[in-house]
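Going by the numbering used here, the first residue of the sequence shown is number 56, and it counts up by one from there.
Here a beta-carbon is modelled for each residue, glycine too, at the ideal position from N, C-alpha and C.
In what follows, a single structure is set out as structure tokens and then discussed.
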Amino acid sequence: MNGPDDATPSTGSGEDAAPEPVLVAAPADGVPPVVDTPAAYRAAVDALAAGTGPLAVDTERAQSFRYSAKAYLIQLRRNGTGTVLLDPVALEDGRERADLRDLRDAVADAEWIIHAATQDLGCLAEVGLVPDRLFDTELAGRLLGLPRVSLSVLTETGLGKTLAKEHSAADWSQRPLPTDWLNYAALDVELLGDLRAWAAEQLRAAGKDEWARQEFAWLAAHASDAPVRREDPWRRTSGIHDIRSRVALATVRELWQTRDQIAASLDRAPGRVLGDAAIVEVARRITPAKRTLDARELRSVRGFNWRIAGRYHAAWVGAIDRAAALSGDDLPVSHRVPDGPPPPRTWANRNPEAHARWNRIRPQIVALAEKLALPTENLLSPDTLRRICWEPPADHSRAAVDAYLAERDARPWQRELVTETIARGLG
Numbered sequence: 056m057n058g059p060d061d062a063t064p065s066t067g068s069g070e071d072a073a074p075e076p077v078l079v080a081a082p083a084d085g086v087p088p089v090v091d092t093p094a095a096y097r098a099a100v101d102a103l104a105a106g107t108g109p110l111a112v113d114t115e116r117a118q119s120f121r122y123s124a125k126a127y128l129i130q131l132r133r134n135g136t137g138t139v140l141l142d143p144v145a146l147e148d149g150r151e152r153a154d155l156r157d158l159r160d161a162v163a164d165a166e167w168i169i170h171a172a173t174q175d176l177g178c179l180a181e182v183g184l185v186p187d188r189l190f191d192t193e194l195a196g197r198l199l200g201l202p203r204v205s206l207s208v209l210t211e212t213g214l215g216k217t218l219a220k221e222h223s224a225a226d227w228s229q230r231p232l233p234t235d236w237l238n239y240a241a242l243d244v245e246l247l248g249d250l251r252a253w254a255a256e257q258l259r260a261a262g263k264d265e266w267a268r269q270e271f272a273w274l275a276a277h278a279s280d281a282p283v284r285r286e287d288p289w290r291r292t293s294g295i296h297d298i299r300s301r302v303a304l305a306t307v308r309e310l311w312q313t314r315d316q317i318a319a320s321l322d323r324a325p326g327r328v329l330g331d332a333a334i335v336e337v338a339r340r341i342t343p344a345k346r347t348l349d350a351r352e353l354r355s356v357r358g359f360n361w362r363i364a365g366r367y368h369a370a371w372v373g374a375i376d377r378a379a380a381l382s383g384d385d386l387p388v389s390h391r392v393p394d395g396p397p398p399p400r401t402w403a404n405r406n407p408e409a410h411a412r413w414n415r416i417r418p419q420i421v422a423l424a425e426k427l428a429l430p431t432e433n434l435l436s437p438d439t440l441r442r443i444c445w446e447p448p449a450d451h452s453r454a455a456v457d458a459y460l461a462e463r464d465a466r467p468w469q470r471e472l473v474t475e476t477i478a479r480g481l482g
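Structure (structure tokens):
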């Protein structure tokens with residue numbers, strides 16, 4: 056990732072110009088064969104167990120194409136082993152997910168190196184791969200205050216090398232996987248070991264290595280946590296803000312839930328079954344006086360005549376009819392009461408004291424983050440800051456504030472830096 060002075064190549068004289076990064080177009084050892092049989096898997100486990108040092112890990116998913124967020128390819132690399140490309144789907148053996156716990160046990164001594172760990176840990180845990188220790192190169196870049204932290208930008212900054220990145224949005228559920236896709240996948244772990252060494256040295260030099268240690272330990276400790284399902288996920292339908300009546304909102308909800316059930320049964324991304332725009336367009340045509348659409352009207356809405364959506368015409372009609380039959384408390388409210396404080400922009404009238412606390416504390420937290428060369432959200436969770444300003448502990452002492460932050464998973468390094476500022480600002 057480029058630092059502030061490296062974001063734009065130098066335009067000075069030859070001796071001042073930054074050297075062009077070297078393009079790494081293929082793995083140094085070539086593209087290995089995919090591990091997709093029990094025998095190949097057993098050999099890979101033994102080879103990785105015999106390797107030394109950290110274990111570079113990455114996954115490829117297909118969430119733009121499939122309903123599930125499972126891994127369709129897992130890339131692993133370790134000194135003395137080289138790169139392993141593992142197909143977990145081929146190893147499921149009739150189960151919903153492959154069981155790779157023996158691989159996890161074989162490399163239990165290794166620190167895992169992952170870029171953007173929160174994106175991969177969930178699908179790795181599904182197959183039994185959970186780290187005891189990890190190093191997140193993306194999070195390291197954030198703690199270092201770098202303005203961009205993608206893998207390719209970080210390798211350019213730290214290693215003077217850039218990676219070919221042509222297939223990040225590919226459908227990794229496709230089989231067989233094309234050779235150029237496998238080449239791309241292998242490159243994702245090719246430089247992680249070197250990048251980890253560079254990032255660790257930068258963290259030490261900046262005095263932020265203990266911060267990173269605590270952050271990485273927290274990620275590892277929560278690697279197997281179940282994903283938190285958002286309440287009323289249908290309310291995130293694109294365009295729903297245009298829908299006003301409760302019966303129209305009920306129509307969005309019933310269509311969304313029906314689509315979700317169909318998408319899950321087909322293992323297809325919901326948007327590839329029926330688009331949000333089609334759901335919202337039906338809801339726009341629903342009023343308290345006209346609660347349903349006939350078959351002709353429904354087919355006239357763009358999206359309901361898609362190849363897949365068209366197969367489920369009866370299901371869509373049933374969803375609309377269910378919404379039409381609802382009344383009273385069975386209809387969704389126009390605005391769900393949020394879990395936690397409302398947006399701070401509304402506080403001046405709703406809670407003037409909280410508004411004053413917010414205006415005292417938040418600018419100081421932002422200024423402190425800037426001084427430390429940190430994104431504000433990495434210094435303290437925005438939700439935690441909002442909550443303590445909205446409804447602080449009765450005791451405004453430093454000890455009480457520290458305990459409040461600890462209960463909300465603020466790490467010790469964060470609490471050490473912000474507790475005094477918050478306690479003083481609570482007044």
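Practice task
Look at the Cβ atom of Ala-403, then the Cβ atom of Cys-444, and state whether they are nearer than 8 angstroms.
Solution key: no
Problem - Spatial neighbours of Ser-300 in its chain, beta-carbon cut-off 8 angstroms, leaving aside the 5 residues before and after - result: Close CB contacts of Ser-300 within its chain, under the 8 angstroms cut and outside five residues either way in sequence, are with Ile-341, Thr-342 and Pro-343 (chain order).
Handout entry: Segment contact flag, the region 348-368 with the region 263-270, C-beta cutoff 8 angstroms, min 3 pairs
Key = Counting Cβ pairs under 8 angstroms, fewer than three are found: no touch.
Handout entry: Classification of Arg-400 by the beta-carbon crowding that lies within 10 angstroms, buried from 16 upward
Key = exposed
Practice task
Could you name the residues that DSSP lists as bridge partners for Asn-134?
Solution key: Thr-107
Exercise for the section: Please work out which residues of its chain come closer than 6 angstroms, Cβ to Cβ, to Gly-135, disregarding the five sequence neighbours upstream and downstream, and give them in chain order. Expected result: Gly-106 and Thr-107
Practice task
Using the Cα positions of Arg-259 and Asp-297, report the straight-line distance between them to the nearest angstrom.
Solution key: 51 angstroms
Practice task
Could you tell me which residues DSSP puts in a beta bridge with Val-112?
Solution key: Leu-131
Practice task
State the CB to CB distance for the pair Leu-158 and Leu-103, rounded to an integer number of angstroms; the pair is presumed to be in contact (CB under 8 angstroms).
Solution key: 7 angstroms
Problem - Reference Val-79; option with closest CA among Leu-110, Arg-197, Gln-229 and Tyr-239 - result: Tyr-239
Problem - Cα-Cα separation, Gln-118 to Ile-334 - result: 20 angstroms
Practice task
Please report how far the alpha carbon of Leu-155 lies from the alpha carbon of Leu-184, in whole angstroms.
Solution key: Taking the CA atoms as reference points, Leu-155 sits about 6 angstroms from Leu-184.
Exercise for the section: Consider the C-beta atom of Ala-267 and the heavy atoms of the ligand NAP; say whether any pair is separated by less than 7 angstroms. Expected result: Absent from the structure shown: the ligand NAP. Ligands present: none.
Practice task
Could you check how far apart the C-beta atoms of Trp-167 and Gly-213 are, in whole angstroms? I think they sit under 8 angstroms.
Solution key: Between Gly-213 and Trp-167 the Cβ distance is about 19 angstroms, and since that is not below 8 angstroms, they are no contact.
Handout entry: Inter-stretch contact (C-beta, 8 angstroms, three-pair minimum) for the region 415-422 and the region 454-469
Key = Not touching, per the Cβ criterion.
Practice task
Just mark Glu-309 as buried or exposed, buried being the case when its beta carbon has 16 or more other beta carbons within 10 Å.
Solution key: The residue in question, Glu-309, is buried, as its Cβ has 16 or more Cβ neighbours within 10 Å.
Problem - Opposing strand residues paired with Trp-167 [DSSP bridges] - result: BP columns for Trp-167 point to Leu-110 and Leu-189.
Problem - Glu-193, buried or exposed, once every other Cβ within 10 Å from all chains shown has been counted against 16 - result: A residue is called buried when at least 16 other Cβ atoms come within 10 angstroms of its Cβ; Glu-193 meets this threshold and is buried.
Problem - Burial state of Gly-480, where buried means 16 or more other Cβ atoms lie within 10 Å - result: buried
Practice task
Given a cut-off of 8 angstroms, decide if Phe-120 and Asp-226 are closer than it, judged by their beta-carbon atoms.
Solution key: Yes, they are a contact pair.
Practice task
Give the straight-line distance between the Cα atoms of Ala-224 and Ala-454, rounded to the nearest whole angstrom.
Solution key: The alpha-carbon atoms of Ala-224 and Ala-454 are separated by roughly 48 angstroms.
Handout entry: Complete runs of the beta strand (DSSP E) confined to the region 178-260 [at least 3 residues]
Key = 189-191 and 216-218
Problem - Through-space distance from Gly-215 to Asp-61, alpha-carbon basis - result: With a pLDDT of 39 at Asp-61, under the threshold of 50, the modelled position of that residue is not reliable, and no figure is offered here.
Practice task
Could you round the C-beta distance between Pro-397 and Arg-405 to whole angstroms and report it? I think they count as a contact, below 8 angstroms.
Solution key: 7 angstroms between Cβ atoms; contact.
Handout entry: First and last residue of the uninterrupted beta strand (DSSP E) at Ala-78
Key = The residue you asked about is not Ala; residue 78 is Leu in the sequence shown. Element bounds for Leu-78: 77-79.
Practice task
Taking 8 angstroms as the cut-off, decide whether the C-beta atoms of Ala-275 and Asp-187 are in contact.
Solution key: Contact flag set, yes.
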